[in-house]
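Per the numbering used here, the sequence shown starts with residue 4, numbered consecutively. Below is one structure, written out as structure tokens, with a few remarks after it.
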Amino acid sequence: MADQLLFNPRTYDPAHFDPETRRLLRATVDWFEDRGKRRLIEDYRSRAWLADFLAFAAKEGLFATFLTPASAADGHQDKRWDTARIAALNEIFGFYGLDYWYAWQVTILGLGPVWQSDNETARARAAELLAQGEVFAFGLSEKAHGADIYSTDMLLEPDGDGGFRATGSKYYIGNGNAAGLVSVFGRRTDVEGPDGYVFFAADSRHPAYHLVKNVVDSSKYVSEFRLEDYPVAAEDVLHTGRAAFDAALNTVNVGKFNLCTASIGICEHAMYEAVTHAQNRILYGRPVTAFPHVRRELTDAYVRLVGMKLFSDRAVDYFRSAGPDDRRYLLFNPMTKMKVTTEGEKAIDLMWDVIAAKGFEKDTYFAQAATEIRGLPKLEGTVHVNLALILKFMGNHLLNPAEYAPVPTRRDAADDAFLFRQGPARGLGAIRFHDWRAAYDAFGHLPNVARLREQADALCEFVTTAAPDEEQSRDLDLLLAVGQLFALVVHGQLILEQAGLTSLDEDVLDELCAVLVRDYSAHAVELHGKDSATADQQRWALSAVRRPVIDTDRSARVWQRVEALAGAYEMAP
């Protein structure tokens, strides 16, 4: 019997979506399955450009249907920006190969500034390009400055006719080799400060657009390109001034959410391979899965993966229900970018410890999974940047709850229009949250949920009695350790909310929370050892350490679920 918590192409039926979404998701799975494992691996190894895949997507209208908001759909009833089905497609792409996901992901980023723009000409052009099967690119980062948009060297010189001439380079720009439209961030030479920012649309086929190289050795085309006296007409300008700055950050809010579900897809495919291999390999007369440490590692990997899915699915609901008076998604977004993706790394590492040398073999999906999983936490500002962002929400989230109407499960066929009118990218510290304790209280009868709740309460005590002083607040090394503790509280909260909405097996939930209790204790010990930790902070850190509640019968029941994954799926050759 297939595990209902994990994606399995053999049994996949996205019945909770509308008919056209179901058709496109299933057609995508079938395209990959028909292509076969050998071909997918060979394309990955040969660094082949994704022409066949993009031709399939164009023929089916996949990107156009999923990535055209209703406001630009010209009445097409199936076109909308629906975060739930976008997340489902992320998972499928991750399952079969991150290169496919990447071409789609950077198309999403390239579209962000366009769909936020009031430039109807540019919007109509983007919709038409999508309908033609084109991909898009997001020209933000630069070689010298990374994503530091304050320091952009893409310069726009007024041409005297109401337009500009753009000159400068961009770096780490996915799809820069083929994009029908590249959203490029720059600044005017005649206006100082943030009022001089400009987002404009460029065409990678224009003679003044010079493709320098692919900066990575991969099918993912992560380009360096240079504009030389590129003509920017008035109809190419998407945003100016502070609106351009906001469009950059708000695009990241929309687009980088996709990292989490891609990570989930990678881990699911790797999980099937790892458990199947371990179950079939005989060592000292016994299957590898007979060894207690192997069972523990694979069980931990499994429950971490389940936690990734639960958190990400619940975060979708907050994205889709967001509005000017409910911006809680701005915390859950860096959580998906940082916490879910690093959980993916941990899950892969646990599996790899079990399958060992098998994880290097060229005919496995696992070999690419072990490589590609590393990139996801680093594709948006690194773990450190996202942890620092998460910390901005800690005081209000832990100590200052507000009343909100319950957020339902959002799988309805609605257009998530607010994501393209988020407004100014500021005021994060003023965002309020519902009381996190309710999710923990709902499962307080489970021993490890109760133990994790103790640790969350302890963090509230830390914030009120031993928080970093003004000098320590400049010590990012110390603050990041605190951020890891806070992230675990938020991670647990959304997991528990989703567990309640989906009637998750309580054995799985308690086993998962046992892992999170261990994680919290490890981060507390890390805080204890920080150079600048005060004596009070050191005492608090050790007092927050907890041992998870051990239940061998519960662990055995969860192991049976893991063991059943052996042979449950193998990709067609």
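Where is the CB? At the ideal position from N, CA and C, for every residue including glycine. Every value quoted in this text rests on a predicted model; they were computed, and no experiment measured them.
Whole-angstrom C-beta distance between residue j and residue i, which should lie under 8 Å
{"i": "Gly258", "j": "Gln108", "result": "7 Å"}
{"i": "Leu53", "j": "Asp21", "result": "Contact flag wrong, Cβ pair sits at about 27 Å."}
{"i": "Glu231", "j": "Ala204", "result": "The pair is not a contact, with the Cβ atoms about 17 Å apart (cut-off 8 Å)."}
{"i": "Ala391", "j": "Leu497", "result": "Actually they are not in contact, since the Cβ atoms of Ala391 and Leu497 sit about 20 Å apart, beyond 8 Å."}
{"i": "Thr292", "j": "Glu566", "result": "6 Å"}
{"i": "Asn451", "j": "Val552", "result": "5 Å"}
{"i": "Phe436", "j": "Arg331", "result": "6 Å"}
{"i": "Ala350", "j": "Ala304", "result": "4 Å"}
{"i": "Gly113", "j": "Val218", "result": "Contact flag wrong, Cβ pair sits at about 17 Å."}
{"i": "Leu28", "j": "Ala67", "result": "Actually they are not in contact, since the Cβ atoms of Leu28 and Ala67 sit about 15 Å apart, beyond 8 Å."}
{"i": "His387", "j": "Leu515", "result": "So it is not a contact: roughly 26 Å between Cβ atoms."}
Beta strand (DSSP E) segment containing residue i, residue limits
{"i": "Phe531", "result": "A small correction: the amino acid at residue 531 is His; Phe does not occupy that position in the sequence shown. His531 -> not in any beta strand (DSSP E); alpha helix (DSSP H) instead, spanning 509 to 531."}
{"i": "Tyr177", "result": "First, the residue type needs correcting, since residue 177 is Gly and not Tyr in the sequence shown. Here the beta strand (DSSP E) through Gly177 covers 167 to 177."}
{"i": "Leu214", "result": "212 to 217"}
{"i": "Pro161", "result": "158 to 161"}
{"i": "Asp77", "result": "Asp77 -> no beta strand (DSSP E), and no H or E assigned at all."}
{"i": "His242", "result": "240 to 243"}
{"i": "Ala205", "result": "200 to 205"}
{"i": "Val235", "result": "225 to 235"}
{"i": "Ser186", "result": "184 to 191"}
{"i": "Ala140", "result": "139 to 142"}
Buried or exposed (CB count within 10 angstroms, at least 16 for buried), residue i
{"i": "Glu282", "result": "In the sequence as displayed, the identity of residue 282 is Gln instead of Glu. Label assigned to Gln282: buried."}
{"i": "Tyr572", "result": "buried"}
{"i": "Asn403", "result": "exposed"}
{"i": "Gln501", "result": "buried"}
{"i": "Asp151", "result": "exposed"}
{"i": "Gly2", "result": "Nothing about residue 2 can be read from this structure; the chain reaches only from 4 to 576."}
{"i": "Thr555", "result": "exposed"}
{"i": "Thr302", "result": "buried"}
{"i": "Arg307", "result": "buried"}
{"i": "Ser546", "result": "exposed"}
{"i": "Phe10", "result": "buried"}
{"i": "Leu530", "result": "buried"}
{"i": "Tyr287", "result": "exposed"}
{"i": "Ala140", "result": "buried"}
{"i": "Pro295", "result": "exposed"}
{"i": "Glu145", "result": "buried"}
Delimiting residues of the alpha helix (DSSP H) encompassing residue i
{"i": "Leu479", "result": "479 to 505"}
{"i": "Ser315", "result": "295 to 323"}
{"i": "Val278", "result": "261 to 283"}
{"i": "Arg38", "result": "22 to 38"}
{"i": "Gly347", "result": "344 to 358"}
{"i": "Thr374", "result": "369 to 375"}
{"i": "Tyr332", "result": "332 to 338"}
{"i": "Glu474", "result": "Here Glu474 belongs to no alpha helix (DSSP H), and DSSP marks it neither H nor E."}
{"i": "Asp556", "result": "555 to 566"}
{"i": "Leu545", "result": "538 to 546"}
{"i": "Asp534", "result": "Run containing Asp534: none; DSSP gives neither H nor E here."}
{"i": "Ala67", "result": "65 to 70"}
Residues of its chain near residue i, where Cβ-Cβ distance is below 6 Å and the 5 sequence neighbours each way are ignored
{"i": "Gln371", "result": "Tyr47"}
{"i": "Gly447", "result": "Ala453"}
{"i": "Arg245", "result": "Pro197"}
{"i": "Glu137", "result": "Gly183"}
{"i": "Ala527", "result": "Ala544, Ala547, Val548"}
{"i": "Ile267", "result": "Glu94, Met311, Lys312"}
{"i": "Ala1", "result": "Because the chain spans 4 through 576 in this model, residue 1 falls outside it and cannot be assessed."}
{"i": "Gly398", "result": "none"}
{"i": "Lys361", "result": "His280"}
{"i": "Phe396", "result": "Leu334"}
{"i": "Val240", "result": "Phe203"}
Residues near residue i in its chain [Cβ-Cβ closer than 8 Å; skip 5 each side]
{"i": "Lys216", "result": "Ser226, Glu227"}
{"i": "Ile393", "result": "Leu334, Pro337, Met338, Met341, Gly486, Phe489, Ala490, Val493"}
{"i": "Leu462", "result": "Leu401, Leu488, Phe489, Val492, Ala547"}
Same chain, Cβ closer than 7 Å to residue i, five either side skipped, listed in chain order
{"i": "Leu143", "result": "Ala150, Ile152, Phe188, Ala251"}
{"i": "Ser324", "result": "Val410, Arg413"}
{"i": "Gly166", "result": "Pro234, Val235, Ala236, Ala237"}
{"i": "Gly199", "result": "Arg190, Arg191"}
{"i": "Asp522", "result": "Leu491"}
{"i": "Glu300", "result": "Leu353, Asp356, Val357"}
{"i": "Leu133", "result": "Phe66, Ala67, Leu70, Thr71"}
{"i": "Glu276", "result": "Thr367, Tyr368, Phe369"}
Residue i: CB within 7 Å of a non-hydrogen atom of the ligand SAM
{"i": "Gly570", "result": "The ligand SAM is not part of this structure, which contains no ligands at all."}
(Q) Quick check for students: name the residue ranges of the alpha helix (DSSP H) that lie wholly in the segment 393 to 456, counting only runs of 4 or more. (A) 397 to 402, 440 to 445
Q.
Report the start-end ranges of each beta strand (DSSP E) in the segment 82 to 127 that is 3 residues or longer and not cut off at the edges.
A. none
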